[in-house]
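Step one of this worksheet: look at the structure below.
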Amino acid sequence: MTSPMVVIDRVTKSYGEVPVLRDINLEVAAGEVISLIGPSGSGKSTLLRCINHLERIQSGSITVAGELIGYRRVGNLAYEMPEKLIARQRARIGMVFQNFNLFGHMTALENVIEAPVQVLGIPRREAVERAGEILARVGLGDKLHTYPRMLSGGQQQRVAIARALAMKPRLILFDEPTSALDPELVGEVLDVMRALAAEGMTMMVVTHEMSFAREVCHRIAFMEAGRIVECGTPREVLDNSAFERTRAFLSKVH
Amino acid sequence: MTVLEAHSNSVADHRPSEEPRLTYVPAKAWGTRIAAVALLLVVVSFLWSIASNPNFGWTVVGEYLFDPRILSGLYLTLWLTLVTMVIGIVLGTVFAVMSMSGNVVIATIANAYIWFFRGTPVLVQLIFWYNLGALFPELSIGIPFTSLWISVPTNTAISPVMAAVLGLGLNEGAYMSEIIRSGLLAVDPGQRQAAKSLGMTSGRALWRIVLPQAMPIIVPPTGNQAIGMLKTSSLVSVIALSDLLYSVQTIYSRNYQTIPLLIVACLWYLLATTVFSLIQARVERHFGRSSLQASQARRARQ
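Protein chains in written order, with this note's numbering: chain R, 211 to 464; chain F, 413 to 714.
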């Protein structure tokens, strides 16, 4: 097996006195799909946001594709990198948000080409062509020139996934991608994610969709109170958990 | 068989009656109509009493409307308004971003600037800049700890026009920064996060993502400020600049046709305000494209 895509090593973080992540250790292999489950406030989303340095960690380290995220290591010192370099790292890590966060003043197509043109410097014509292909792939080939507010939640989230894909990410972080959706729109977003997983995209998914976790994810990590309680295959975690807390949580979700 | 018949067949408990259909007549709002007519009469008689009154000196108004002195005053007024608004918007953006900075010193300096320039009368600021020479006889610019310094007498560097631009522009910057700040705060923080997650630096996120979405909130009060500045700029008469109002004043102080000449000034101010309002409407439409599509679609559905 090749070297892991993500290595999270002894990561801790707190907001003032309140610890939100305590001694997190996790490795994600390239091409692996892992879901983070657990009660709200358990630190799942925070962990995700630390992986692209939207939030700082206080100790430990996060490495993506062998690169230390957010810091430059000199001996045992880690200097926070200048914004430009952090931005360069983030450009290769996709993120999909609970509330989509599509740029409201841009059409679906403009949303997708914005970062490739502005950040990667890809010629506009080429970016438009690629964006058209990606939007068609998520089933929105007919919505190129539509503004986000004219799209349903499910369509918006698919544009958001297309926007992340346009940056050719080596990893995509999904922060509760279906939590803000009406129940009948969840399926279309999960279908797109399922297709991505099948293509071998490395994905970390914070979710409450247990059926998706069971069906698509290679592994599931259960978090509670800032710790990873257990991490294993869907069968191990969802069906035969050795941990009382996991079973208690699952009995409430199902 | 039509759709309607199919439907009525499916409703078992009600058969359409044989009676003729009702014709609906909308309620007539007699009170509103009477009030509208009465108001119209008041307005017309008011306008007539002005237009037919010889004391207003309409012939004098016509005589001076295109007087070169007044036109050059109008030019200065428009020039000052445009230049100071541009300075105000640029400074306002800079200070709005500074006041939202995480760095306490930078935020405090921005807030102190806003506090000071909003807190003192703009008339005093104008006089202050005009008399800068009394406080600092020489202005010097150069590199500290070297002999590379250039000095000029303040009174040659700060001409009355320069003093007016500084006074009005710095003052406007303080007001604009609050307007721009409120616009920036109204944009969902998720937009900035999404921009960052795509690899944008915070400067690029501000320029490409946040500011364009703040514009619909920023533009209307900015138009207000520009129209206000049109008239505020008349304060420059205290530093002997002949703007529109001042050139009118110099003329009527000699021929005593006070009212007709003030009417001339008002007509020009009204015309300029109308043009500014039209420009504002255009700018608003430009930044409202994404909501325009939504409202068009709503209309199409109706």
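C-beta atoms are modelled at their ideal positions from N, C-alpha and C, and glycine is treated no differently.
Please state if the CB of residue j and the CB of residue i are separated by a distance shorter than 9 Å.
{"i": "Val-676/F", "j": "Leu-490/F", "result": "no"}
{"i": "Ile-629/F", "j": "Ala-508/F", "result": "no"}
{"i": "Ala-325/R", "j": "Gly-611/F", "result": "yes"}
{"i": "Ala-709/F", "j": "Ala-370/R", "result": "no"}
{"i": "Ala-301/R", "j": "Ile-344/R", "result": "no"}
{"i": "Leu-375/R", "j": "Arg-335/R", "result": "no"}
{"i": "Gln-625/F", "j": "His-315/R", "result": "yes"}
{"i": "Ile-501/F", "j": "Ser-511/F", "result": "no"}
{"i": "Leu-354/R", "j": "Leu-319/R", "result": "yes"}
{"i": "Val-274/R", "j": "Met-413/R", "result": "no"}
{"i": "Leu-642/F", "j": "Tyr-681/F", "result": "yes"}
{"i": "Asp-385/R", "j": "Val-306/R", "result": "yes"}
{"i": "Thr-532/F", "j": "Gly-545/F", "result": "no"}
{"i": "Leu-236/R", "j": "Ile-438/R", "result": "yes"}
{"i": "Glu-267/R", "j": "Val-221/R", "result": "Checking the sequence shown, residue 267/R turns out to be Ile, not Glu. Contact flag set, yes."}
{"i": "Glu-440/R", "j": "Glu-446/R", "result": "yes"}
{"i": "Ala-575/F", "j": "Arg-530/F", "result": "no"}
{"i": "Asp-219/R", "j": "Ile-279/R", "result": "no"}
{"i": "Ile-247/R", "j": "Met-420/R", "result": "yes"}
Can you tell me whether residue i is buried or exposed? The criterion is at least 16 other CB atoms within 10 Å of its CB, across all chains shown.
{"i": "Ser-513/F", "result": "exposed"}
{"i": "Pro-387/R", "result": "buried"}
{"i": "Pro-379/R", "result": "buried"}
{"i": "Arg-445/F", "result": "exposed"}
{"i": "Gln-366/R", "result": "buried"}
{"i": "Tyr-487/F", "result": "exposed"}
{"i": "Pro-358/R", "result": "buried"}
{"i": "Ala-418/F", "result": "Low confidence applies to Ala-418/F: its pLDDT is 49, below 50, so where it sits in the model is not reliable enough to give any reading."}
{"i": "Tyr-281/R", "result": "buried"}
{"i": "Thr-613/F", "result": "buried"}
{"i": "Ser-659/F", "result": "buried"}
{"i": "Leu-560/F", "result": "exposed"}
{"i": "Thr-435/F", "result": "exposed"}
{"i": "His-698/F", "result": "exposed"}
{"i": "Ile-570/F", "result": "buried"}
{"i": "Tyr-225/R", "result": "exposed"}
Determine the extent of the beta strand (DSSP E) in which residue i is found, giving its start and end residues.
{"i": "Arg-282/R", "result": "281-284"}
{"i": "Asn-235/R", "result": "228-238"}
{"i": "Cys-441/R", "result": "437-442"}
{"i": "Val-243/R", "result": "243-247"}
{"i": "Lys-440/F", "result": "Neither: Lys-440/F is in no beta strand (DSSP E) and is coded neither H nor E."}
{"i": "Ala-288/R", "result": "287-290"}
Beta-carbon within less than 8 Å of residue i's beta-carbon, same chain only, minus the 5 sequence neighbours each way: which residues are those?
{"i": "Glu-265/R", "result": "Lys-223, Thr-256 and Arg-259"}
{"i": "Phe-468/F", "result": "Ile-462, Ile-671, Pro-672 and Ile-675"}
{"i": "Val-495/F", "result": "Val-577 and Gly-581"}
{"i": "Val-338/R", "result": "Leu-319 and Ile-323"}
{"i": "Ile-303/R", "result": "Ile-261, Asn-262, Val-274, Pro-379, Arg-380, Leu-381, Ile-382 and Leu-383"}
{"i": "Ser-654/F", "result": "Arg-481, Ser-484, Gly-485, Leu-488 and Thr-662"}
{"i": "Ala-652/F", "result": "Pro-572"}
The alpha helix (DSSP H) with residue i in it runs from where to where?
{"i": "Thr-388/R", "result": "Note, Thr-388/R: premise wrong, no alpha helix (DSSP H); not H, not E."}
{"i": "Gly-585/F", "result": "572-598"}
{"i": "Pro-624/F", "result": "623-644"}
{"i": "Tyr-681/F", "result": "670-699"}
{"i": "Phe-432/R", "result": "No alpha helix (DSSP H) holds Phe-432/R; the beta strand (DSSP E) holding it covers 429-434."}
{"i": "Val-369/R", "result": "363-375"}
{"i": "Val-473/F", "result": "470-476"}
Suppose the cutoff is 6 Å on Cβ atoms and the five residues either side in sequence are ignored; what does the same chain contact list for residue i look like?
{"i": "Ile-621/F", "result": "Gln-603 and Ala-607"}
{"i": "Leu-416/F", "result": "Note that Leu-416/F scores a pLDDT of 49, beneath 50, so its modelled location is shaky; the value from the coordinates is reported in the next line. Excluding sequence neighbours, Leu-416/F sits near nothing in its chain."}
{"i": "Ser-451/R", "result": "Arg-457"}
{"i": "Val-284/R", "result": "none"}
{"i": "Glu-696/F", "result": "Val-631"}
{"i": "Val-327/R", "result": "Arg-334 and Ala-337"}
Excluding five sequence neighbours on each side, which residues of the same chain lie with their C-beta closer than 7 Å to the C-beta of residue i?
{"i": "Val-650/F", "result": "Leu-535, Leu-538 and Ile-539"}
{"i": "Arg-424/R", "result": "Pro-444 and Leu-448"}
{"i": "Thr-473/F", "result": "Checking the sequence shown, residue 473/F turns out to be Val, not Thr. Contacts found: Pro-672, Ile-675 and Val-676."}
{"i": "Ala-617/F", "result": "Arg-604, Ala-607 and Lys-608"}
{"i": "Thr-493/F", "result": "Ala-638, Met-641, Leu-642 and Ser-645"}
{"i": "Gly-364/R", "result": "Leu-391, Leu-395, Glu-398 and Val-399"}
{"i": "Arg-666/F", "result": "none"}
{"i": "Met-413/F", "result": "Residue confidence for Met-413/F is low, a pLDDT of 45 falling below 50, so the modelled location carries little weight; the figure read from the coordinates is stated next. Taken in chain order, the list of residues that qualify is empty."}
Quick one: which residues of the region 612-623 of chain F get their C-beta closer than 8 Å to a C-beta of chain R? List them in chain order.
Within the region 612-623 of chain F, contact with chain R at the beta-carbon level (separation under 8 Å) is assigned to Met-612, Thr-613, Ser-614, Arg-616, Arg-620 and Ile-621.
With 7 Å as the limit, tell me which residues of the region 601-612 of chain F have their beta carbon closer than that to any beta carbon of chain R; keep them in chain order.
Residues of the region 601-612 of chain F that bring their beta carbon within less than 7 Å of a beta carbon in chain R comprise Gly-602, Gln-603, Gln-605, Ala-606, Lys-608, Ser-609, Leu-610, Gly-611 and Met-612, in sequence order.
Which of the residues in the region 625-638 of chain F, read from start to end, lie with their CB under 7 Å from any CB of chain R?
From the region 625-638 of chain F, only Gln-625 have a Cβ closer than 7 Å to chain R.
So if I threshold CB-CB distances at 9 Å, which residues from the region 357-371 of chain R count as touching chain F?
The region 357-371 of chain R vs chain F, Cβ under 9 Å: Tyr-357, Pro-358, Arg-359, Met-360 and Ala-370.
Which residues, in chain order, does the region 506-534 of chain F contribute to contact with chain R at a C-beta distance below 7 Å?
In summary, no residue of the region 506-534 of chain F has a CB separated from any CB of chain R by less than 7 Å.
Any C-beta of chain F within less than 7 Å: which residues of the region 292-316 of chain R qualify?
Among the residues of the region 292-316 of chain R, those with a Cβ less than 7 Å away from any Cβ of chain F are Glu-293, Lys-294, Ala-297, Arg-298, Arg-300, Ala-301, Met-305, Phe-307, Asn-309, Asn-311, Phe-313, Gly-314 and His-315, in the order of the chain.
What are the residues of the region 254-282 of chain R that lie near chain F, defined by any Cβ-Cβ distance shorter than 7 Å?
For the region 254-282 of chain R, which is checked against every Cβ of chain F, the residues closer than 7 Å are Asn-262 and Leu-264.
Using a Cβ cut-off of 7 Å, which residues of the region 375-409 of chain R contact any Cβ in chain F, in chain order?
Listed by position along the chain: Met-377.
Looking at chain F, which residues of the region 325-343 of chain R have a Cβ within less than 7 Å of any of its Cβ atoms?
Residues Ala-325, Gln-328 and Val-329.
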